[in-house]
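Presented below is the structure to which this report refers.
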Amino acid sequence: MSKTGLDFSVGDHVVYPAHGVGQVQGIETQEVAGYSLEVYVITFDHEKMTLRVPTAKARTAGL
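In the numbering used here, the protein residues as written are 846 to 908.
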């Protein structure tokens, strides 16, 4: 389980408040401003958009 208590897997459907229902396409590690972040990669087909949400912020983001 992740540090947030949320445990999404590739293929899971999630709801992001500002964009609606999306699908987890992957979990990646990215470096931002010298820090390593684990992020959920979420796609929203109806908006043709991809969003990356840090796993540590998933709960506060409303996932």
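Note that beta-carbon positions come from the ideal geometry of N, C-alpha and C, so glycine has one too.
Look at H864 here: in three-state DSSP terms it is coil, with no helix or strand label. Judged by DSSP secondary structure, T888 falls within the beta strand (DSSP E) whose first and last residues are Y880 to F889. Going by beta carbons, P899 and E876 fall outside the 8 Å limit. Bridge pairing for L908: absent [DSSP].
Taking a C-beta distance under 8 Å as the contact criterion, G879 and Q868 do not qualify as a contact pair.
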